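**Student:** Residues 0 to 232 in numbering that gives the first Met the number 0 are what the sequence shown lists, from first letter to last.
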Amino acid sequence: MAWWVIGLRMLLAVSVGCVIGVERERKNRPAGMRTHVLVCVGAAMIALMDCLNADRAFAYNLLGQAEDMRNTGVAISVGRMSAQVVSGIGFLGAGTIFIAQKKIAGLTTAASLWASACLGLAAGMGYYLLVILGCGLVMGTLTVMQRVVHVNQIKNLEVKYVHRQVTQPLLASYFEEKGVRVMDVNFHMEVVDGRNVYTNLYTIDLPNHTAYRDVIVHLSENENILGVRTRNV
0 MAWWVIGLRM
10 LLAVSVGCVI
20 GVERERKNRP
30 AGMRTHVLVC
40 VGAAMIALMD
50 CLNADRAFAY
60 NLLGQAEDMR
70 NTGVAISVGR
80 MSAQVVSGIG
90 FLGAGTIFIA
100 QKKIAGLTTA
110 ASLWASACLG
120 LAAGMGYYLL
130 VILGCGLVMG
140 TLTVMQRVVH
150 VNQIKNLEVK
160 YVHRQVTQPL
170 LASYFEEKGV
180 RVMDVNFHME
190 VVDGRNVYTN
200 LYTIDLPNHT
210 AYRDVIVHLS
220 ENENILGVRT
230 RNV
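1) For the structure I just gave you, are there three or more beta carbon pairs, one from the region 50-61 and one from the region 10-23, closer than 8 Å?
2) With a threshold of 16 other CB atoms inside 10 Å of the CB of Thr142, please say whether the residue is buried or exposed.
3) Measure the C-alpha to C-alpha separation of Leu156 and Gly123 and round it to an integer number of angstroms.
4) Can you name, in chain order, every residue of its own chain whose Cβ lies under 6 Å from the Cβ of Gly119, other than the five neighbours on each side?
5) Relative to the alpha-carbon of Leu225, which residue among Tyr211, Arg163, Asn185 has its alpha-carbon at the smallest distance?
6) Tell me whether His233 sits in a helix, a strand or coil according to DSSP, three-state version.
7) Expressed to the nearest angstrom, what Euclidean distance is found between the alpha-carbon atoms of Gly16 and Val36?
8) Near Ile203, what residues of its chain come up, given a Cβ to Cβ distance below 6 Å and the 5 sequence neighbours on each side ignored?
9) Within this structure, are the beta carbons of Phe186 and Asn199 separated by less than 8 Å?
10) If you compare alpha carbons, which of Leu128, Thr108, Ile131, Lys154 is closest to Pro206?
11) Under the three-state reduction of DSSP, which class applies to Ile203: helix, strand or coil?
12) Here's a check: name, in chain order, each residue in its chain whose Cβ is nearer than 7 Å to the Cβ of Leu47, leaving out the five neighbours to either side.
13) Do you know how far the Cα of Met188 is from the Cα of Glu176?
14) How big is the Cα-Cα spacing for Leu106 and Tyr201?
Shown next, in the form of structure tokens:
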């Protein structure tokens, strides 16, 4: 394998890792540009070693045939080291996943690291078109898909209000009008400054055309509602 081919593949791995890493860096994710570049370059090096080992074994067999017309029988398992990259990258991805306030974060970054490793392997093995196409699909998934395909999560909506006899029917009417599915409701009442303050904790599922921020804005405009906020289930 020519030196410029090795250089081209390594450069492609750096470029792909940099492109994906910059997107994660902009969103202040646990693994940024340097991490993605290192993962992609390391995977490319492993893939290149697999390719070089295969070339070396092939050349050695040809040399043996030329010298004594007999096959030397040298055989290697191509792809064994590359397979360890795909499985071994899991420990690095697991390090980017954390749980805070019953919320799991970092899964997308872990997946992008794994994808970077796969792209690095493809770059090291010389599948240039596959690398370019794969990088485009990864970037499209990270940047465009979330804007095009909006999926509402099931969340808890906490609403604090006064004048229960008036406000509670208003909430029920609003949810029905917007097509909000109320899955569960918890009630709480306390006395604040001599008046009854009620807290409803709704577990709701919104239709895709309605955003949680719109629900919060609309409900908070009512003078009887003292506060509205969302929580992850």
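Beta carbons: idealized from backbone N, C-alpha and C, even for Gly. Everything numeric in this text was worked out from a predicted model, so none of it was measured.
**Tutor:** Looking at the coordinates:
1) Touching, no.
2) The residue is exposed, with fewer than 16 neighbouring Cβ atoms inside 10 Å.
3) Leu156 and Gly123: Cα-Cα distance of roughly 49 Å.
4) Ala12, Cys39, Ala42, Ala43, listed in sequence order.
5) Of the listed residues, the one whose Cα sits closest to Leu225 is Arg163.
6) The question about residue 233 has no answer here: the residues shown for the chain are numbered 0 through 232.
7) CA-to-CA, the gap between Gly16 and Val36 works out to about 4 Å.
8) Here the set comprises Leu156, Val179, Val181.
9) For the pair Phe186 and Asn199, the CB atoms are nearer than the 8 Å cut-off.
10) Comparing Cα positions, the closest option is Lys154.
11) Ile203 falls in the strand class under three-state DSSP.
12) Only Ile5, Arg8, Gly123 meet the Cβ criterion.
13) Within the model, the alpha-carbon separation for Glu176 versus Met188 is close to 26 Å.
14) For Leu106 and Tyr201, the distance between alpha carbons rounds to 27 Å.
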